[in-house]
Amino acid sequence: MANSTTAKVKVDPRDAKLSMAHFFVAFSALALGGLMGLLQTLVRSGKWELPWGIDYYQILTVHGVLMGLVLTTFFIMGFQYAAVSRTTGGHSNAARRTGWIGFWIMLVGTLMAATMVLLKEASVLYTFYAPLKAHWIFYLGLTFVIVGSWIDGAAQIMTYAKWRKNNPGQPSPLLSFMAVINTVMWIIATLGVAATVLFQLLPWSLGLVDTVDVLVSRTLFWYFGHPLVYFWLLPAYMCWYAIIPKIIGGKIFSDSLARLSFILFLLFSIPVGFHHQLTEPGIDPAWKFLQVILTFMVIIPSLMTAFSLFATFERYGRSKGATGLFGWFKVLPWGDARFTVPFIGMASFIPAGAGGIINASNQMDQVVHNTIWVTGHFHLTAATSVVLTFFGISYWLVPHLTGRKLTKAMNKLGIIQAWVWFIGMAFMSGAMHFQGLLGGPRRSAFSTYGGSKQAAEWIPYQIAQAVGGTILFIGIILVIIIFINLAFFAPKGEEEFPVAVAENLEEKAPMVFENWKLWLGIAAALILFAYTIPFIDIIQNAPPGSKGFQTWSKW
Amino acid sequence: MAKAELKTNQKTEIENSSSLKGTLASVFLLGAFIVVTWVSVYYLFVERF
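So the sequence lines, in the order shown, correspond to chains L and U. The numbers in this note's numbering rise by one with no breaks, and the one at position 444 of the first sequence is 445. The numbers in this note's numbering rise by one with no breaks, and the one at position 29 of the second sequence is 45.
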């Protein structure tokens with residue numbers, strides 16, 4: 002295998018420390034959030050109740066916030082920070098300080114929000130939809146998380162900008178470019194959730210105003226909520242496009258194609274929030290239709306990615322002498338956890354993506370909306386494709402950062418972990434999809450609904466989910482064992498940070514891809530086009546605001 | 017002469033190492049899977065609404 006000269010390049014130890022700080026928070030969130038997930042599936046089986054007055058909606062909130070917001074944001078920021086450091090030659094002291102400030106603000110915010118959830122002051126689920134009203138400290142904590150992530154992301158942008166300045170006329174390193182695209186998308190997207198929290202939810206929860214405009218807050222939430230899922234996904238794509246080819250000993254199919262697909266994600270993942278609000282009254286159907294079209298545009302870069310990955314694998318396989326239509330599939334390095342674990346994630350994205358196209362289709366949304374199908378969907382996208390890729394990344398990145406080695410035993414355990422996860426998720430997410438098609442609701446503590454006949458049909462699926470949830474919890478225990486081993490106990494050594502190179506090095510990426518004025522301009526134009534008129538309409542024709550509700554039991 | 021040479025040329029089956037046939041087949045399979053799942057749920061919609 003062609004080891005490039007950069008194989009021994011290491012992330013600066015000072016940068017490694019900050020990345021590891023992120024990972025400690027992320028994996029702590031995984032452990033606790035995973036336990037909550039197990040409890041949820043057990044409650045929903047209808048056979049078991051939570052002790053000591055613990056409320057289903059409280060553990061649902063803990064699970065959603067920890068897994069969807071804390072695990073993901075901390076892991077992504079830690080990974081991207083390391084990727085930028087590795088491919089640009091390291092962060093400056095100023096960027097590093099900025100990163101640490103962002104990290105601590107995020108952590109303080111997380112602890113504030115978590116405290117309120119534990120005190121039963123904020124069982125508002127991770128979407129925190131108004132008119133469910135949480136304690137103001139919960140909203141302030143979330144504000145800190147978001148502002149902290151902006152500062153954290155600014156560190157990556159600073160280092161990228163410095164690299165561009167020092168290398169005029171050169172396309173930036175692919176991984177840094179991708180990290181910055183994702184950070185920029187995140188900053189644009191979080192403006193929406195920051196607006197609803199600062200201007201609506203905080204004043205309302207502080208008692209400064211009595212009512213809240215529910216549709217405005219939900220619209221601002223989903224302006225953020227859809228790009229949020231791409232914020233989770235793009236770091237996985239970074240691994241698939243730019244790291245996996247190196248691990249298997251192949252090449253990136255096309256550097257330019259990878260960059261173009263990331264730009265398309267930046268453009269098309271934001272002006273699409275209405276597809277989460279298709280069943281909501283108060284939004285003109287014409288604008289819903291427009292945003293559904295824009296949603297379908299996101300399929301293009303997704304399929305470009307699928308093509309590019311298949312091509313990378315096939316080229317590598319044929320270079321190893323594989324023949325026939327699918328002979329290349331067999332020669333892939335299935336014994337390497339760094340490949341196999343993310344690969345299971347990639348494969349899971351096929352049903353996950355297909356389900357997403359169903360969700361975004363207006364008519365079909367009426368079949369699945371607010372059913373547990375949707376929960377099944379994002380447990381395939383986020384909780385399989387994305388997190389398995391994150392696990393796969395951590396199996397080489399954690400030892401790389403801590404100066405240790407991924408041992409054979411841990412490599413094997415990593416592969417076992419991924420299969421355990423896959424099997425557990427096949428049970429749980431599969432049962433969620435089918436139960437959803439039969440009408441089973443999501444976000445509901447009830448299972449039997451007072452002995453309803455229809456609800457009785459859902460029980461076998463609920464039990465399958467409890468079985469799947471239990472298997473997944475074993476998967477969480479395994480991944481925590483591996484993480485602790487790689488962080489503290491694995492033998493000292495050097496683990497490679499794999500960075501792939503493109504097949505055709507003469508094909509330099511067009512510099513127009515780095516023209517931020519152009520792409521940010523188009524992104525802003527699309528957002529304004531998709532949102533301005535319907536948003537004015539929503540505000541002008543608003544019903545009376547709603548007072549707050551706390552529907553959950555208190556301590 | 018040239019014509020005769022052309023005639024004697026044998027067809028040789030060489031699988032090009034840069035072939036992307038498998039990729040083509042894979043993306044078609046992927047597309048077919050998306051269409052089948054979409055149509056299945058669309059059928060449910062038509063049945064129910």
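Just so you know, even glycine gets a beta-carbon here, dropped at the ideal spot from N, CA and C.
For residue i and residue j, what's the separation of their Cα atoms in angstroms?
{"i": "residue 65 of chain L", "j": "residue 334 of chain L", "result": "34 Å"}
{"i": "residue 292 of chain L", "j": "residue 550 of chain L", "result": "31 Å"}
{"i": "residue 505 of chain L", "j": "residue 255 of chain L", "result": "7 Å"}
{"i": "residue 390 of chain L", "j": "residue 381 of chain L", "result": "12 Å"}
{"i": "residue 436 of chain L", "j": "residue 493 of chain L", "result": "48 Å"}
{"i": "residue 465 of chain L", "j": "residue 510 of chain L", "result": "48 Å"}
{"i": "residue 19 of chain L", "j": "residue 151 of chain L", "result": "16 Å"}
{"i": "residue 8 of chain L", "j": "residue 61 of chain U", "result": "Legend: pLDDT at residue 8 of chain L = 44, less than 50; position of this residue unreliable, no value from coordinates given."}
{"i": "residue 102 of chain L", "j": "residue 145 of chain L", "result": "11 Å"}
{"i": "residue 467 of chain L", "j": "residue 476 of chain L", "result": "14 Å"}
{"i": "residue 213 of chain L", "j": "residue 287 of chain L", "result": "26 Å"}
{"i": "residue 484 of chain L", "j": "residue 396 of chain L", "result": "8 Å"}
{"i": "residue 383 of chain L", "j": "residue 80 of chain L", "result": "16 Å"}
{"i": "residue 524 of chain L", "j": "residue 184 of chain L", "result": "14 Å"}
{"i": "residue 17 of chain L", "j": "residue 236 of chain L", "result": "18 Å"}
{"i": "residue 294 of chain L", "j": "residue 122 of chain L", "result": "39 Å"}
{"i": "residue 299 of chain L", "j": "residue 271 of chain L", "result": "10 Å"}
{"i": "residue 403 of chain L", "j": "residue 164 of chain L", "result": "26 Å"}
{"i": "residue 67 of chain L", "j": "residue 61 of chain L", "result": "10 Å"}
{"i": "residue 541 of chain L", "j": "residue 552 of chain L", "result": "29 Å"}
{"i": "residue 337 of chain L", "j": "residue 112 of chain L", "result": "37 Å"}
{"i": "residue 182 of chain L", "j": "residue 84 of chain L", "result": "13 Å"}
{"i": "residue 350 of chain L", "j": "residue 210 of chain L", "result": "44 Å"}
{"i": "residue 133 of chain L", "j": "residue 206 of chain L", "result": "10 Å"}
{"i": "residue 451 of chain L", "j": "residue 548 of chain L", "result": "30 Å"}
{"i": "residue 530 of chain L", "j": "residue 323 of chain L", "result": "49 Å"}
{"i": "residue 13 of chain L", "j": "residue 490 of chain L", "result": "21 Å"}
{"i": "residue 224 of chain L", "j": "residue 539 of chain L", "result": "14 Å"}
Using C-beta distances below 6 Å, list every residue in its chain close to residue i, excluding the 5 sequence neighbours before and after it, in chain order.
{"i": "residue 280 of chain L", "result": "370"}
{"i": "residue 186 of chain L", "result": "228, 267"}
{"i": "residue 95 of chain L", "result": "none"}
{"i": "residue 92 of chain L", "result": "16, 86, 160"}
{"i": "residue 233 of chain L", "result": "73, 383, 387"}
{"i": "residue 117 of chain L", "result": "123, 136, 138, 139"}
{"i": "residue 448 of chain L", "result": "45, 47, 463"}
Count the other CB atoms within 10 Å of the CB of residue i; is the residue buried (16 or more) or exposed (fewer)?
{"i": "residue 229 of chain L", "result": "buried"}
{"i": "residue 66 of chain U", "result": "Summary: the structure shown does not reach residue 66 of chain U, with chain U confined to residues 17 through 65, and so no result is reported for it."}
{"i": "residue 252 of chain L", "result": "buried"}
{"i": "residue 170 of chain L", "result": "exposed"}
{"i": "residue 56 of chain U", "result": "exposed"}
{"i": "residue 519 of chain L", "result": "exposed"}
{"i": "residue 413 of chain L", "result": "exposed"}
{"i": "residue 480 of chain L", "result": "buried"}
{"i": "residue 167 of chain L", "result": "exposed"}
{"i": "residue 315 of chain L", "result": "buried"}
{"i": "residue 243 of chain L", "result": "buried"}
Excluding the 5 residues preceding and the 5 following residue i in the sequence, name in chain order all residues of the same chain whose CB lies nearer than 8 Å to its CB.
{"i": "residue 35 of chain U", "result": "none"}
{"i": "residue 1 of chain L", "result": "Because chain L is modelled from 2 through 556, residue 1 of chain L falls outside the range shown and cannot be assessed."}
{"i": "residue 51 of chain L", "result": "40, 44, 57, 60"}
When the Cα of residue i is compared with those of the options, which residue comes out closest?
{"i": "residue 470 of chain L", "options": "L/300, L/45, L/406, L/10", "result": "L/45"}
{"i": "residue 40 of chain U", "options": "L/307, L/554, L/55, L/336", "result": "L/307"}
{"i": "residue 203 of chain L", "options": "L/402, L/153, L/139", "result": "L/139"}
{"i": "residue 260 of chain L", "options": "L/118, L/180, L/155, L/197", "result": "L/180"}
{"i": "residue 143 of chain L", "options": "L/133, L/70, L/30, L/424", "result": "L/70"}
{"i": "residue 497 of chain L", "options": "L/398, L/472, L/201, L/21", "result": "L/398"}
{"i": "residue 430 of chain L", "options": "L/473, L/178, L/141, L/332", "result": "L/473"}
{"i": "residue 208 of chain L", "options": "L/35, L/28, L/135", "result": "L/135"}
{"i": "residue 439 of chain L", "options": "L/426, L/449, L/448, L/456", "result": "L/456"}
Taking 7 Å as the limit between beta carbons, can you name the residues of its chain near residue i, skipping five residues before and five after?
{"i": "residue 446 of chain L", "result": "44, 57, 58"}
{"i": "residue 15 of chain L", "result": "97"}
{"i": "residue 174 of chain L", "result": "88, 89"}
{"i": "residue 486 of chain L", "result": "411"}
{"i": "residue 197 of chain L", "result": "218, 221, 222"}
{"i": "residue 49 of chain L", "result": "43"}
{"i": "residue 360 of chain L", "result": "366, 369, 375, 378"}
{"i": "residue 310 of chain L", "result": "241, 347"}
{"i": "residue 148 of chain L", "result": "106"}
{"i": "residue 339 of chain L", "result": "248, 393, 396, 397"}
{"i": "residue 65 of chain U", "result": "none"}
Worksheet item: Which runs of the alpha helix (DSSP H), 4 residues or longer, sit entirely within the stretch 262-299 of chain L?
Response: 286-298
Discussion item. List, from N- to C-terminal side, the alpha helix (DSSP H) runs of 4 residues or more that fit wholly inside the stretch 305-345 of chain L.
Written reply: 328-331
Practice prompt. Please list the segments of the beta strand (DSSP E) lying wholly inside the stretch 466-499 of chain L, counting only runs of 3 or more residues, in order along the chain.
Written response: none
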